[in-house]
Structures are given as C-alpha cells and as structure tokens.
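Chains B and X, in that order, are what the protein sequence lines are. According to my numbering, the first sequence is numbered sequentially starting from 27. According to my numbering, the second sequence is numbered sequentially starting from 3. Ideal placement from N, C-alpha and C gives every residue a C-beta, glycine not left out.
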Amino acid sequence: ENTEPQRTAFLLRKQWTLYSVTPLYRFCPARLRDYARLLSAFIAAEKQKGLAVEVGVELDIKVAVSSLPDLKGSDQDQAGILVQLSLRSPASRKNSEEKLVWSGWFCCVFGDDLSKNVPEDFTCLPLFLANGAESYTSIVGSWFQKTFDCCFRRLAISPLSLSWMAAMWTGCKVDKTTSAMELVFSVPCLPYPLDISYAIHPEDAKALWDTVQKTPGEITQEEVDVFMDCLYSHFHRHFKIRLSATKLVKVSTAVASAHCDGIIKFLQSQYLTGVLMLLTELAISQIQ
Amino acid sequence: HLATSLPLPSERDHLRPRIDLIVFMIDIKSKYSLKNVEASLAHVDASFFLGKVCFLVTGVGRMNYCSVEMNAVWKLGEVYGSPVLFCELELEGIRVATAQRLLRMLQICAGHVPGVSALSFGSLMRNSVDD
Numbered sequence: 027e028n029t030e031p032q033r034t035a036f037l038l039r040k041q042w043t044l045y046s047v048t049p050l051y052r053f054c055p056a057r058l059r060d061y062a063r064l065l066s067a068f069i070a071a072e073k074q075k076g077l078a079v080e081v082g083v084e085l086d087i088k089v090a091v092s093s094l095p096d097l098k099g100s101d102q103d104q105a106g107i108l109v110q111l112s113l114r115s116p117a118s119r120k121n122s123e124e125k126l127v128w129s130g131w132f133c134c135v136f137g138d139d140l141s142k143n144v145p146e147d148f149t150c151l152p153l154f155l156a157n158g159a160e161s162y163t164s165i166v167g168s169w170f171q172k173t174f175d176c177c178f179r180r181l182a183i184s185p186l187s188l189s190w191m192a193a194m195w196t197g198c199k200v201d202k203t204t205s206a207m208e209l210v211f212s213v214p215c216l217p218y219p220l221d222i223s224y225a226i227h228p229e230d231a232k233a234l235w236d237t238v239q240k241t242p243g244e245i246t247q248e249e250v251d252v253f254m255d256c257l258y259s260h261f262h263r264h265f266k267i268r269l270s271a272t273k274l275v276k277v278s279t280a281v282a283s284a285h286c287d288g289i290i291k292f293l294q295s296q297y298l299t300g301v302l303m304l305l306t307e308l309a310i311s312q313i314q
Numbered sequence: 003h004l005a006t007s008l009p010l011p012s013e014r015d016h017l018r019p020r021i022d023l024i025v026f027m028i029d030i031k032s033k034y035s036l037k038n039v040e041a042s043l044a045h046v047d048a049s050f051f052l053g054k055v056c057f058l059v060t061g062v063g064r065m066n067y068c069s070v071e072m073n074a075v076w077k078l079g080e081v082y083g084s085p086v087l088f089c090e091l092e093l094e095g096i097r098v099a100t101a102q103r104l105l106r107m108l109q110i111c112a113g114h115v116p117g118v119s120a121l122s123f124g125s126l127m128r129n130s131v132d133d
C-alpha cells in the first residue's frame, strides 16, 4: 500500500455512485487542462439550452480535471483522473470563493484483464465514481461519451459479490474502535417493502471469519459460503427467519460500505486500493 | 404436482399416480432454494436419476440479483447426472417455451414417444451441454 493517505483522504467517507466505463478512444493524459476547458464550455452550452441544475440563477461553474497518480494498481494501469465542478457565485467573485458541488473520478486498479486486450488508441479506466447531483453526473457523462466514444453504465453489485465483500472486509485489521458490521436484506414477494438489518459485533464477526479462513491472504467461495451460512443460521435460531431466501442489498463494515445499487463509501485509506481492485474487477465483468 | 420440498407426505402415497419426471427448481435469487433442493435430492430414489430428473434454474434474466453461485449449480447437474435448464419466469415467451420443453421431456419420460427412452434423451441433453 503506497498511497499517500493525505492525498486520497478526500475520497473517504463520501457516498460514491458507481459506473462501468468502456475504454476511452484517443484520451490523452497530457491534455487535462484542455479537457477542463472543453467540458466547461459544454456545460455552459447546456445551461443555455436550459438543461442546467438551477434555472434562473446565474452561477459560474468552474471545471478542474486532474490526475490521481496514486490511484492505480500495477504499472500497466492508467492513473486515476479526477473531475471536479465548483460553483463561483457572482457575489464572491472578487475573492474567488468556490464551493465544490460535484466530483467524479475514473480509475483502473489491476485492470490488466481489460487493458491487455485493447488496441493502441484506447485508454482503460473502467471504474467511474460520482458524488453530487445526478444532473451534473449526466452532463459530465454525456461529454465524455461524446468526446471519447465510450459508454457509461450504472454498476450493480450482486448479492454474491456483496457476500464476498462482507467476508473480505471482516478479515481486515482495523486499529481504531470499529463500528458494527451491518448486513441489510430486502425481503421479496411481499406487498409492502420490508428490510431486515442484521448488526454483528465486529470482533465476533472477525472471530468467526478467522475460524473459517484457512490460508491468510486467500479467500475461496466455499469459505465465504460457510461464513455467510453461519451468520444466517445464527439469525434463524433466534428469529426463525431464513435470510438465505432474501436478497442481500447492503454490507457495512469498518473498511467500507457497499449497496447493491452500486453505491460505495470508503472508510479506511489503507484499504482503498484493495476495495478499488474489487470494484475494478466488477466493472470489467460488466463491460465484457 | 407441486411441492415445496421432499419427501412428499406419506399419507397420500396410495392415491398418488406414477411419477415420471421430477423438476427441481432453483431460484437464482435465493440461496435457500439451492439448499432446499440439495436436501430434497437425498429423498429421491436412485432410479429417477436415469433421465427422470432435471434442474430448472429460474430468475436468470436478472443476474444482478444473483445469490447463487453458478458453479454450484453446474456441479449439482454433474454429480446427479441430470440436465440443467435455465429460464426467466417473468418473461411470458420464455415461460411458455420452457413449459413446452418440460412437457416434451415428460412425454418421453412417460414412455409416450416411441423409440426414445428417458435415459437416451437424458444423455443426449447432457452431451449437448458439454459441447
């Protein structure tokens, strides 16, 4: 883990919506300033067309596009790219006070499976994370799709993948006092929506995982199944409800929390790359 | 005849007609359905596995809701030497086509199709999957 914690600290504790992105055609990492200018012009044009977020309010949107050199896995990965939209209200234009309203970043962590199969002119940044108003995400996404001939799709996370994350993150060592591990299940086939929240003391969860995992650093599907089955049986013993017949929709641990609609929150900088590697893998399978 | 699990209640044994085909339904959205099928399989007489059993995996239209590991399903088909069919119940066209398929299989298993036995049909289905 060679990520500088301070440089990526701003990514923590924010809710990011996940997208998979197909390879970008003729993207040049040296032209980030140009891209910022072009995107800025595009947003202004969309505003003219009346497609901006706030109608009737004269707000100046400033676009910044920068590189995130720490956000990569192997040397073959393209470094992360960060796009930030800030609002400069006319009143404070003199002291150029800016308010960050939207952030989005592209990254690729150990995405060799995708990048090795792709022709020369394409750049692989399969994972995109956005925080801020959906309308801004839509405008920025449209510009990238038009300019680099790529395709954005919401990244859904299946209950299988969420179970994997629950097991993986439970095994991570966290120093500070950790929050409870929480699993949220959605019960199907009911006329009204019903969610079940199952909170487990982090030390109990870790103790259970430690008895299940055979080789440290390696996780198998059987180990994940045994871990989850233990949690389900325990719940069934107490409440007579079969969680295995419901849909796992959210996993929260001290390392990160993930929702099946493709929403993630990073909570520990030391495990940021690890989580991104898993998300990159999911994004790549959604693309292929 | 529909049942949520096996074995069937013994009280009605004498009233029950001959069973020609058993279709085990696994809902890809429910891990419990796989566990239930695995437990029920233990109650099936070995003679049924000569072409009179098949696994039907439902819910495959929504892979994002997948709670069942596909390898586990394939392994089940292999271990019990029975074909694995896939369908999405929510789509009428696929539902109808799957029903027609099962009906055809049932006709063969009941011996209503001359020249084709349940066993030969079963091995034909398995070989076509391997290709």
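Where the alpha helix (DSSP H) containing residue i begins and where it ends
i, result
"Ile69(B)", "Leu58 to Gln74"
"Val75(X)", "Met72 to Val81"
"Leu36(X)", "Lys33 to Leu43"
"Asp175(B)", "Unbroken run through Asp175(B): none, as it is neither H nor E."
"Tyr67(X)", "Careful: Tyr67(X) lies outside any alpha helix (DSSP H) and carries neither H nor E."
"Lys232(B)", "Pro228 to Val238"
"Leu274(B)", "No alpha helix (DSSP H) holds Leu274(B); the beta strand (DSSP E) holding it covers Lys273 to Ser278."
"Cys56(X)", "Unbroken run through Cys56(X) is the beta strand (DSSP E), Val55 to Thr60; no alpha helix (DSSP H)."
"Ser141(B)", "Asp138 to Ser141"
"Arg263(B)", "Gln247 to Phe265"
"Thr306(B)", "Leu298 to Ile313"
Boundaries of the beta strand (DSSP E) in which residue i is found, first to last residue
i, result
"Arg103(X)", "No beta strand (DSSP E) holds Arg103(X); the alpha helix (DSSP H) holding it covers Glu94 to Cys111."
"Thr129(B)", "One point to set straight first is that residue 129(B) is Ser, not Thr, in the sequence displayed. Note, Ser129(B): beta strand (DSSP E), Glu124 to Cys133."
"Ile289(B)", "Ile289 to Phe292"
"Cys89(X)", "Val86 to Cys89"
"Ala156(B)", "Leu153 to Gly158"
"Gly106(B)", "Gly106 to Arg114"
Assigned exposure category for residue i - 16 Cβ within 10 Å defines buried
i, result
"Gln104(B)", "buried"
"Tyr61(B)", "buried"
"Gly82(B)", "Here Gly82(B) scores only 49 on pLDDT, less than 50, and its place in the model should not be relied on; the value that follows carries that caveat. It counts as exposed."
"Tyr51(B)", "exposed"
"Asp221(B)", "exposed"
"Leu126(X)", "exposed"
"Met65(X)", "exposed"
"Tyr218(B)", "exposed"
"Lys98(B)", "buried"
"Gln312(B)", "buried"
"Pro152(B)", "buried"
"Pro55(B)", "exposed"
"Ile310(B)", "buried"
"Phe265(B)", "exposed"
"Ser187(B)", "buried"
"Leu58(X)", "buried"
Residue i versus residue j - alpha carbon distance
i, j, result
"Gly76(B)", "Thr48(B)", "29 Å"
"Leu316(B)", "Phe132(B)", "Nothing about residue 316(B) can be read from this structure; chain B reaches only from 27 to 314."
"Leu104(X)", "Lys240(B)", "43 Å"
"Gly113(X)", "Ser119(X)", "7 Å"
"Thr272(B)", "Gly130(B)", "33 Å"
"Phe26(X)", "Val252(B)", "23 Å"
"Asp138(B)", "Glu244(B)", "20 Å"
"Glu80(X)", "Ser295(B)", "44 Å"
"Val39(X)", "Val144(B)", "42 Å"
"Lys40(B)", "Ser122(X)", "59 Å"
"Trp42(B)", "Trp128(B)", "11 Å"
"Phe178(B)", "Ser168(B)", "9 Å"
"Val86(X)", "Leu4(X)", "19 Å"
"Arg138(X)", "Ser49(X)", "Since the first residue shown for chain X is 3 and the last is 133, residue 138(X) is missing from the structure and cannot be characterised."
"Ser141(B)", "Leu308(B)", "15 Å"
"Ser283(B)", "Trp190(B)", "13 Å"
"Ala280(B)", "Leu155(B)", "20 Å"
"Thr60(X)", "Arg97(X)", "10 Å"
"Leu52(X)", "Leu94(B)", "60 Å"
"Leu38(B)", "Leu108(B)", "14 Å"
Proximity test, residue i beta-carbon vs the ligand MG heavy atom, cut-off 6 Å
i, result
"Asp251(B)", "Among the ligands in the structure shown, none appear at all, so the ligand MG cannot be discussed."
7 Å Cβ cutoff, residue i in contact with chain A
i, result
"Lys142(B)", "In summary, chain A is missing from the structure at hand, where the protein chains are B and X."
The segment 13 to 21 of chain X in contact with the segment 283 to 291 of chain B per 3-pair CB rule at 8 Å = no
Please list the residues of the segment 269 to 282 of chain B that have a C-beta atom closer than 9 Å to any C-beta atom in chain X, keeping them in chain order.
-> Leu269, Ser270, Ala271, Thr272, Lys273 and Leu274
Residues in the segment 48 to 67 of chain X having any Cβ partner in chain B nearer than 8 Å = Met65, Asn66 and Tyr67
Inter-stretch contact (C-beta, 8 Å, three-pair minimum) for the segment 58 to 74 of chain B and the segment 200 to 212 of chain B = no
What residues from the segment 155 to 189 of chain B come within 7 Å of chain X, judged by C-beta to C-beta, listed N to C?
-> Ala182, Ser184, Pro185 and Leu186
Name, going along the chain, the residues of the segment 67 to 78 of chain X whose beta-carbon falls closer than 7 Å to a beta-carbon of chain B.
-> Tyr67, Cys68, Ser69 and Glu71
Relative to chain B, which residues along the segment 14 to 48 of chain X have a C-beta separation below 8 Å, given in chain order?
-> Lys31, Ser32, Lys33, Tyr34, Ser35 and Lys37
Between the segment 208 to 227 of chain B and chain X, which residues of the former have CB atoms less than 8 Å from a CB of the latter, in chain order?
-> Pro214
Identify each residue in the segment 237 to 261 of chain B for which the Cβ-Cβ distance to at least one residue of chain X is less than 7 Å, and report them in chain order.
-> Gln247
Give a yes or no on contact between the segment 248 to 264 of chain B and the segment 157 to 173 of chain B, applying the rule of three or more CB pairs nearer than 8 Å.
-> no
Is the segment 267 to 286 of chain B touching the segment 206 to 215 of chain B, taking contact as three or more C-beta pairs under 8 Å?
-> yes
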